[in-house]
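These notes concern the structure reproduced below.
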């Protein structure tokens with residue numbers, strides 16, 4: 007790679023020719039502050055926090071989008087630069103609702119940290135007229151409070167990266183604000199509830215709808231049996247909310263915390279991930295053998311499902327009819343488990359801890375009530391669980407490691423990798439290949455579908471046939487892949503799609519990391535590694551070998567794809583408008 011020679015604060019450096027000034031500074035170990043910048047997502051120089059002095063330039067330069075050139079001399083901390091950044095922050099604060107003590111992002115707000123770091127003491131220096139905004143809480147999963155918005159446009163860029171684009175800047179000048187076209191409510195648009203805008207937002211302008219009070223009420227109700235289940239990826243991310251290194255597996259402490267919060271049973275969504283594989287693998291094999299609609303596309307990600315319903319309604323028949331692991335868990339809990347334990351399904355309150363804000367939408371979908379009551383009562387994000395733990399005064403890092411309750415805490419390695427892109431495909435292949443060949447796999451790993459690439463594809467020769475598979479994460483990549491399928495450019499038998507880039511480990515409900523971390527660390531890879539390590543550590547790594555899964559089928563469901571299994575574990579979809 008060709009380099010150029012520059013100086014930063016008088017220090018000579020050789021940096022890549024195609025680098026920006028911001029990237030060059032970081033290579034030199036200098037962290038220039040940013041606010042609107044998100045690497046490869048939002049590089050527009052809008053906020054002017056990252057300005058630097060460049061010798062010979064007439065004005066200060068936005069380092070995030072200014073290219074380096076031979077002989078450039080950059081100064082990052084001159085009085086002029088520091089004064090400009092401070093004034094910019096004061097101007098931002100002049101129209102910002104400063105309710106920091108009660109804000110959901112207090113202590114983890116990029117604006118708050120910048121004001122502290124850059125010595126902004128007079129928050130009201132430029133106070134004047136302000137625009138009053140109504141809070142938009144029309145969507146099932148989130149709200150927008152434009153009085154806290156700083157117009158960084160990171161949420162807009164995240165929505166565009168998802169190929170959804172239902173939000174953008176409206177009006178001009180002082181009245182500029184982020185909203186939907188024609189100022190429609192978000193709930194009236196084709197938003198897919200993925201929550202990527204939430205994790206992109208540097209302030210508290212966007213957040214998930216907090217439902218922890220509903221859970222506290224259920225825990226206090228002596229008539230309720232309150233059962234919690236945790237999605238595969240939560241164990242790889244929850245620790246971040248308590249200052250632990252990214253990618254730390256906190257399964258044991260998570261279980262201990264949930265018990266101390268008062269849940270009657272602490273179960274694992276990995277169990278219903280195994281159950282999903284049994285149904286989905288059977289469905290795939292049935293379509294292959296009997297001429298069913300192909301490619302079969304996975305149905306675990308409710309953000310992807312909603313994207314398909316809005317943007318690809320003609321491909322609804324390709325979707326697996328299997329409920330997601332969240333909904334399967336609730337369904338089997340309020341049917342098989344309720345019958346086994348002599349519990350009235352009406353008195354069972356199922357709480358899911360999910361990486362995904364779209365799960366809040368999914369809970370309220372039609373055809374998700376196998377026992378005549380909602381399969382799942384409340385879906386909480388990882389962030390909401392962290393707030394519950396903090397409110398209860400639990401010192402998370404000092405908790406002992408404890409194990410899930412039985413029987414719905416029993417799972418395999420195939421279940422745990424559901425949280426990473428390619429994990430559902432790999433888990434399904436482990437079962438489908440053994441079913442087709444009648445032989446045990448010598449190696450249960452399918453490396454070709456692993457990794458954080460947006461689109462992956464592979465062909466496996468199994469039982470005399472070639473099976474073409476593809477994996478996509480992020481709905482922009484899903485859109486690209488499906489266009490190739492529809493044009494006939496690509497032919498697949500089985501496709502896995504996750505709504506969020508990198509899969510559930512990067513879901514919209516996961517802990518929000520500061521942009522300086524997101525810009526320099528591969529969150530997706532570090533979090534996914536924790537799940538693959540957990541898979542390798544499992545004694546049982548194939549869903550069909552889970553002893554409790556076998557018991558459920560032998561004693562209750564009959565066999566995968568049975569009429570009873572379809573009634574309890576499968577669902578339907580709807581064509582939605584744009």
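Numbering (my numbering), first residue to last: 7 to 584.
Note that the Cβ used here is the ideal one computed from N, Cα and C, for glycine as well.
In this text, all values refer to a predicted model and were calculated from it rather than measured experimentally.
Closest by C-alpha distance to residue i, when choosing among the options
i, options, result
"residue 404", "260, 537, 440 and 453", "260"
"residue 574", "111, 287, 160 and 337", "337"
"residue 267", "111, 118 and 219", "219"
"residue 475", "282, 107, 176 and 503", "503"
"residue 381", "368, 390 and 248", "368"
"residue 357", "223, 400 and 577", "223"
"residue 154", "376, 339, 98 and 328", "98"
"residue 172", "535, 156, 565 and 198", "198"
"residue 158", "344, 170 and 184", "184"
"residue 532", "562, 255 and 401", "255"
"residue 469", "442, 489, 419 and 494", "442"
"residue 103", "74, 135 and 58", "135"
"residue 540", "516, 486, 485 and 425", "425"
"residue 582", "216, 180 and 315", "315"
"residue 374", "412, 333, 152 and 528", "333"
"residue 419", "413, 408 and 433", "433"
"residue 413", "235, 579 and 179", "235"
"residue 262", "536, 579, 411 and 275", "411"
"residue 217", "536, 435 and 387", "387"
7 Å CB neighbourhood of residue i in its chain, flanking five on each side removed
i, result
"residue 204", "148, 212, 213, 214, 363 and 514"
"residue 56", "28, 38, 39, 40, 43, 68, 69 and 70"
"residue 379", "340, 351 and 352"
"residue 326", "286, 289, 302, 303, 304 and 305"
"residue 427", "458, 477, 479, 504, 508 and 509"
"residue 430", "304, 306, 424 and 502"
"residue 498", "301, 474, 475, 476 and 491"
Status (buried if at least 16 other CB within 10 Å, exposed otherwise) for residue i
i, result
"residue 590", "Nothing can be reported for residue 590, as the shown portion of the chain is limited to 7 through 584."
"residue 313", "buried"
"residue 86", "exposed"
"residue 492", "exposed"
"residue 538", "buried"
"residue 576", "buried"
"residue 182", "exposed"
"residue 467", "exposed"
"residue 194", "exposed"
"residue 320", "exposed"
"residue 18", "exposed"
"residue 249", "exposed"
"residue 417", "buried"
"residue 299", "exposed"
"residue 335", "buried"
"residue 396", "exposed"
"residue 394", "buried"
"residue 401", "exposed"
"residue 487", "buried"
"residue 512", "buried"
Chain-order list of residues whose beta-carbon lies under 8 Å from that of residue i (same chain, five-residue window excluded)
i, result
"residue 116", "41, 208, 209, 520 and 521"
"residue 167", "47, 202, 480, 482 and 507"
"residue 564", "570 and 571"
"residue 445", "none"
"residue 291", "438, 441 and 442"
"residue 92", "124, 125 and 126"
heavy atom of the ligand ZN below 6 Å from residue i C-beta
i, result
"residue 451", "No copy of the ligand ZN appears in this structure; indeed no ligand is present at all."
Host alpha helix (DSSP H) of residue i (start-end)
i, result
"residue 204", "202-206"
"residue 4", "With the chain covering 7 to 584 only, the question about residue 4 has no answer from this structure."
"residue 49", "Note, residue 49: premise wrong, no alpha helix (DSSP H); not H, not E."
"residue 377", "It is not in any alpha helix (DSSP H) - residue 377 carries neither H nor E in the DSSP assignment."
"residue 573", "569-575"
"residue 443", "429-443"
Own chain, CB closer than 6 Å to residue i, minus 5 neighbours either side, in chain order
i, result
"residue 366", "146, 147 and 385"
"residue 79", "13 and 61"
"residue 163", "47 and 48"
"residue 391", "359"
"residue 45", "525"
Range covered by the beta strand (DSSP E) that runs through residue i
i, result
"residue 472", "471-479"
"residue 22", "17-22"
"residue 358", "354-360"
"residue 81", "79-81"
"residue 386", "384-387"
Test: residue i CB closer than 7 Å to a CB of chain B
i, result
"residue 207", "Absent from the structure is chain B; it holds one protein chain and no more."
> Are there three or more Cβ pairs, one per stretch, closer than 8 Å when the region 448-461 is compared with the region 138-145?
Replying inline: Flag = no, the region 448-461 and the region 138-145 do not touch.
> Between the region 350-359 and the region 297-310, do three or more beta carbon pairs fall short of 8 Å?
Replying inline: Because the criterion of three Cβ pairs below 8 Å is not met, the region 350-359 and the region 297-310 do not touch.
>> Under 8 Å: do the region 545-558 and the region 275-285 share three or more Cβ pairs, one atom per stretch?
In response: yes
> Are the region 49-57 and the region 99-106 touching by the rule of at least three beta carbon pairs closer than 8 Å?
Replying inline: no
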